[in-house]
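Each number in the numbering used here corresponds to the 1-based position in the sequence shown with 20 added.
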Amino acid sequence: MLERKDKIKSILLGTLTAFAIFYIIDAIFKTLDMPDVHVSNSTGECVSVINYKETDTYSCDRLPSRYHHVWIR
């Protein structure tokens, strides 16, 4: 039988592990949902924006704060 101190350590470790796993999975999904901004290699200007979420309506005139930068010709 575990002592009280060991039980508390096990519960805290399990809780922290669950939170860490949750935040890692959340970060992965947020990264996958970020739009792609295609930027011309020669001019350096935005060419198009690909939105992966249906609710996103970003364009070259209204870029998101975070996005995947994709260089194109």
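Yeah, the Cβ is synthetic: ideal placement off N, Cα and C, and Gly gets one too.
These figures come from a predicted structure and were not determined experimentally.
>> Can you list, in chain order, the residues of its chain with a C-beta nearer than 7 Å to that of Pro84? Leave out the 5 residues immediately preceding and following it.
In response: Pro55, Tyr78, listed in sequence order.
> Along the chain, where does the beta strand (DSSP E) that runs through Ile56 open and close?
Replying inline: Inspection of the sequence shows that residue 56 is occupied by Asp rather than by Ile. Residues 56-60.
>> Can you look up Ser79 in the DSSP assignment and give me helix, strand or coil?
In response: Three-state DSSP puts Ser79 in coil, outside helix and strand.
> Leaving out five residues before and five after Trp91 in sequence, what residues of the same chain have Cβ atoms less than 7 Å from its Cβ?
Replying inline: Val59, Asn61
>> Just to confirm the assignment, what range does the alpha helix (DSSP H) spanning Ser68 have?
In response: For Ser68, there is no enclosing alpha helix (DSSP H); the residue is part of the beta strand (DSSP E) that begins and ends at 66-70.
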